[in-house]
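Read the structure below first, then the notes.
Protein chains: 2
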Amino acid sequence: MSIDVGARLRNVRTTFGLSQRELARRAGVTNGLISLIEQNRVSPSISSLKKVLDGVPMSLAEFFTLDLSAAPQAFFAAQELVELGNPEVSLRLVAAQRPGRLLTVLHERYAAGAATGEEMLAHRGEEAGVVVRGRVELTVGGATRVLGPGEAYYFSSQLPHRFRNVGREACEIISACTPATF
Amino acid sequence: MSIDVGARLRNVRTTFGLSQRELARRAGVTNGLISLIEQNRVSPSISSLKKVLDGVPMSLAEFFTLDLSAAPQAFFAAQELVELGNPEVSLRLVAAQRPGRLLTVLHERYAAGAATGEEMLAHRGEEAGVVVRGRVELTVGGATRVLGPGEAYYFSSQLPHRFRNVGREACEIISACTPATF
DNA sequence: CTCATGCGTTTAGGATTCTAGACACTGGAG
DNA sequence: CTCCAGTGTCTAGAATCCTAAACGCATGAG
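Protein sequences appear in the order of chains A and B.
Numbers 1 to 182, taken from the numbering used here, label the letters of the first sequence in order.
Numbers 1001 to 1182, taken from the numbering used here, label the letters of the second sequence in order.
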């Protein structure tokens, strides 16, 4: 085998921020299998590799087309950003496929009235961003503020936080956080 | 499995004019395995599918990227022709990937002094072509003739035949044969 | 500290793939 | 016709994949 399936899979999995167990759960296989494949201790059957990639999701064609030796891509067209959200809250990730990435940079778009959810978010690291369109209500550790175009934020992600679009139009934010959480 | 690996492999194999046994020999596997894969009776491991495709040859990326549902390609850039020969005798095949192809059309290029080999060729079907550059000596069933640019040939492929470049420059031929032998 | 939760790894054994060889069929030569 | 060489298919058993369950190691909470 000249092609390193294990390294490819590990790259894909970590790029999408999944643990072996989480990917295994989504794919309907065991975490042990993911481990064995990533160590090249087995050469998976097409059917099981297909199942695993469905959990990402990624096609077999994309998987084998990945060029790991290529110099990291520096520029990305809008269409190249990877969509992680839903129709209400669109989260478009910059450089999703870059291995060992330390930053998560997102182009976020909230429909009118949309929010990050009922529960407050809280995770490790720090995050910051700038509003580019519309008006967004940001709550951080008990404090709440409405931000408009050109205004920005920066806080420790451990503080419970939530974004909510309080305007009547869609709003857009460019955000970053570290370490990479997506 | 939504992806039909068996049909894909059978398409690839027949497109290249190989029998299950011949492909198996080149790939270093058994003909039974080729049969089982093509019937989707097994889901091959990546390592064995890789071995099989190496016998064609074709990469895993190409294999999974094949779009069998696409309308047949009608036009081909020079770079899209598939090289089947060697540095001495270059054979560039038109529409190599088209399944169920009845014709083999080649852009052939012979280096000075190069020939199709010591042995005479003989196979089923008929073939024809036109010389576009240089001078080529063509032997068919005991008769020999030197052809130059604009001259052509047509014969039953059962007759033993051989091509030899007798000029001092490279020569080129556009040839066709049916049924598809490559 | 202990405990709980999460991580990747390892292993025995059941499930599947793969090989070696035989089988049946076809087309061409003598 | 027989014989030969080619084709694809099938099957028992060896080899490999895959699962289930455990392990050891971290990190964070109480």
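The C-beta atom is built at its ideal place from N, Cα and C for all residues, glycine as well.
None of these values were measured; they are calculated from a predicted model.
Partner residues on chain A for Leu-1049 (chain B), Cβ-Cβ distance less than 7 Å: Within the second sequence, residue 1049 (chain B) is the residue found at index 49, counting from 1. Going along chain A in sequence order, the residues near Leu-1049 (chain B) (Cβ under 7 Å) are Ile-46.
Tell me, which residues are paired with Phe-1163 (chain B) by DSSP? Position 163 of the second sequence, counting from 1, holds the residue named residue 1163 (chain B). Paired residue(s): B:Leu-1138.
Any C-beta of chain A sitting closer than 8 Å to the C-beta of Ile-1034 (chain B)? Within the second sequence, numbered from 1, the residue matching residue 1034 (chain B) stands at position 34. Cβ-Cβ to chain A under 8 Å: no for Ile-1034 (chain B).
Taking all protein chains shown into account, decide if Asn-86 (chain A) is buried (16 or more other Cβ within 10 angstroms of its Cβ) or exposed. The residue you call residue 86 (chain A) lines up with position 86 of the first sequence. Burial call: exposed.
Using 8 Å as the limit for Cβ to Cβ distance, is Thr-1065 (chain B) near chain A? In the second sequence, the residue the question calls residue 1065 (chain B) occupies position 65. Answer yes: the Cβ-Cβ gap between Thr-1065 (chain B) and chain A drops below 8 Å somewhere.
Where Val-5 (chain A) meets chain B, residues with beta-carbon distance less than 7 Å: Here residue 5 (chain A) refers to the residue found at position 5 when the first sequence is read from its first residue. The contacting residues are Ile-1046.
If we ignore side chains and look at the alpha-carbon of each, how far apart do Val-1042 (chain B) and Lys-1050 (chain B) end up? As a working mapping, residue 1042 (chain B) is identified with position 42 in the second sequence. As a working mapping, residue 1050 (chain B) is identified with position 50 in the second sequence. About 15 Å.
Per-residue burial, Ala-1114 (chain B) [other beta carbons within 10 Å of its own, 16 or more giving buried]: One-based indexing of the second sequence puts residue 1114 (chain B) at position 114. Ala-1114 (chain B) comes out buried.
Which of the three DSSP states, helix, strand or coil, is assigned to Arg-133 (chain A)? What you label residue 133 (chain A) is simply residue 133 of the first sequence in a count that begins at 1. Three-state DSSP puts Arg-133 (chain A) in a strand.
Given a cut-off of 8 Å, decide if Arg-135 (chain A) and Gly-117 (chain A) are closer than it, judged by their beta-carbon atoms. On the first sequence, residue 117 (chain A) is found 117 positions in, with the first residue counted as 1. On the first sequence, residue 135 (chain A) is found 135 positions in, with the first residue counted as 1. No.
What is the C-beta distance between Ala-24 (chain A) and Ile-34 (chain A), in whole angstroms, given that I count them as a contact (C-beta under 8 Å)? Residue 24 (chain A) sits at position 24 when you count from the first residue of the first sequence. Residue 34 (chain A) sits at position 34 when you count from the first residue of the first sequence. Ala-24 (chain A) to Ile-34 (chain A), Cβ: 5 Å. Contact.
Cβ pair Ser-1045 (chain B), Pro-57 (chain A) closer than 8 Å: Position 45 of the second sequence, counting from 1, holds the residue named residue 1045 (chain B). Position 57 of the first sequence, counting from 1, holds the residue named residue 57 (chain A). No. Outside cutoff.
Could you check what DSSP says for Glu-62 (chain A) in three-state terms: helix, strand or coil? For the purposes of this step, residue 62 (chain A) is identified with residue 62 of the first sequence, where counting begins at 1. Three-state DSSP puts Glu-62 (chain A) in a helix.
Using 8 Å for Cβ pairs, my map puts Glu-1088 (chain B) next to Ala-1061 (chain B). What's the rounded Cβ distance? Numbered from 1 along the second sequence, position 88 holds the residue referred to as residue 1088 (chain B). Numbered from 1 along the second sequence, position 61 holds the residue referred to as residue 1061 (chain B). So it is not a contact: roughly 30 Å between Cβ atoms.
At least one CB of chain A closer than 8 Å to the CB of Ala-1061 (chain B): is that the case? Here residue 1061 (chain B) corresponds to residue number 61 of the second sequence, with the count starting at 1. At least one chain A Cβ lies under 8 Å of Ala-1061 (chain B).
Taking only the alpha-carbon atoms, compute the straight-line gap between Ser-47 (chain A) and Thr-139 (chain A) and give it to the nearest angstrom. For this step, residue 47 (chain A) is matched to residue 47 along the first sequence. For this step, residue 139 (chain A) is matched to residue 139 along the first sequence. Cα-Cα distance, rounded: 46 Å.
Taking 8 Å as the threshold (beta carbon to beta carbon), is Ser-19 (chain A) in contact with chain B? As a first step, residue 19 (chain A) must be located in the first sequence, where it is residue number 19. Closer than 8 Å: no.
Taking buried to mean at least 16 other C-beta atoms within 10 Å of its own C-beta, is Arg-1109 (chain B) buried or exposed? By one-based count along the second sequence, residue 1109 (chain B) stands at place 109. Its Cβ being crowded by 16 or more others within 10 Å, Arg-1109 (chain B) is buried.
Output the distance between the C-alpha atoms of Arg-92 (chain A) and Glu-1083 (chain B), rounded to the nearest integer angstrom. Position 92 of the first sequence, counted from the first residue, corresponds to residue 92 (chain A). Position 83 of the second sequence, counted from the first residue, corresponds to residue 1083 (chain B). Between Arg-92 (chain A) and Glu-1083 (chain B), the C-alpha separation is close to 42 Å.
Close beta carbons around Leu-66 (chain A), own chain, < 7 Å, minus the five adjacent residues each side: For this step, residue 66 (chain A) is matched to residue 66 along the first sequence. Closer than 7 Å at the Cβ level, and outside the excluded window around Leu-66 (chain A), lie Arg-8.
Assuming Ala-1027 (chain B) and Gly-1055 (chain B) are in contact, meaning their beta carbons sit under 8 Å apart, how far apart are those beta carbons, in whole angstroms? Residue mapping note: residue 1027 (chain B) aligns to position 27 of the second sequence, counting from 1. Residue mapping note: residue 1055 (chain B) aligns to position 55 of the second sequence, counting from 1. Sure, about 3 Å apart at Cβ, within 8 Å.
Could you give the residue range of the beta strand (DSSP E) that holds Leu-93 (chain A)? Against the first sequence, residue 93 (chain A) aligns to sequence position 93. Run containing Leu-93 (chain A): 89-93, per the beta strand (DSSP E) assignment.
From the beta carbon of Ser-175 (chain A), is the nearest beta carbon of chain B less than 8 Å away? Against the first sequence, residue 175 (chain A) aligns to sequence position 175. Taking Cβ atoms only, chain B never reaches closer than 8 Å to Ser-175 (chain A), which makes this a no.
Determine the DSSP secondary structure at Thr-46 (chain A), reduced to helix, strand or coil. Within the first sequence, numbered from 1, the residue matching residue 46 (chain A) stands at position 46. The sequence shown places Ile at residue 46 (chain A), not Thr. Ile-46 (chain A) falls in the helix class under three-state DSSP.
Look at the alpha carbon of Asp-1004 (chain B) and the alpha carbon of Ser-1019 (chain B), and state the distance between them as a whole number of angstroms. Against the second sequence, residue 1004 (chain B) aligns to sequence position 4. Against the second sequence, residue 1019 (chain B) aligns to sequence position 19. Each residue's Cα considered, the two are about 20 Å apart.
Less than 8 Å separating the beta-carbons of Val-1029 (chain B) and Val-1052 (chain B)? For the purposes of this step, residue 1029 (chain B) is taken as residue 29 along the second sequence, with counting starting at 1. For the purposes of this step, residue 1052 (chain B) is taken as residue 52 along the second sequence, with counting starting at 1. In this structure, Val-1052 (chain B) lies closer than 8 Å to Val-1029 (chain B) by Cβ.
Name the two residues that bound the continuous alpha helix (DSSP H) containing Ala-24 (chain A). Here residue 24 (chain A) refers to the residue found at position 24 when the first sequence is read from its first residue. 20-27 is the extent of the alpha helix (DSSP H) around Ala-24 (chain A).
If you follow the alpha helix (DSSP H) that Arg-1031 (chain B) is part of, which residue opens it and which one closes it? If you number the second sequence from 1, residue 1031 (chain B) lands on position 31. The question names Arg, yet the displayed sequence has Asn at residue 1031 (chain B). Its alpha helix (DSSP H) spans residues 1031-1038.
Can you tell me which residues form a DSSP beta bridge with Ala-115 (chain A)? Numbered from its first residue, the first sequence carries residue 115 (chain A) at position 115. Bridge partners of Ala-115 (chain A): A:Arg-164.
Just checking my contact of Arg-162 (chain A) with Leu-121 (chain A) at CB under 8 Å: how many whole Å lie between their CB atoms? If you number the first sequence from 1, residue 162 (chain A) lands on position 162. If you number the first sequence from 1, residue 121 (chain A) lands on position 121. With a Cβ gap of about 6 Å, Arg-162 (chain A) and Leu-121 (chain A) count as contacting.
What does Val-146 (chain A) pair with, by DSSP beta-bridge criteria? As a position in the first sequence, residue 146 (chain A) is number 146, starting the count at 1. Answer is A:Glu-137.
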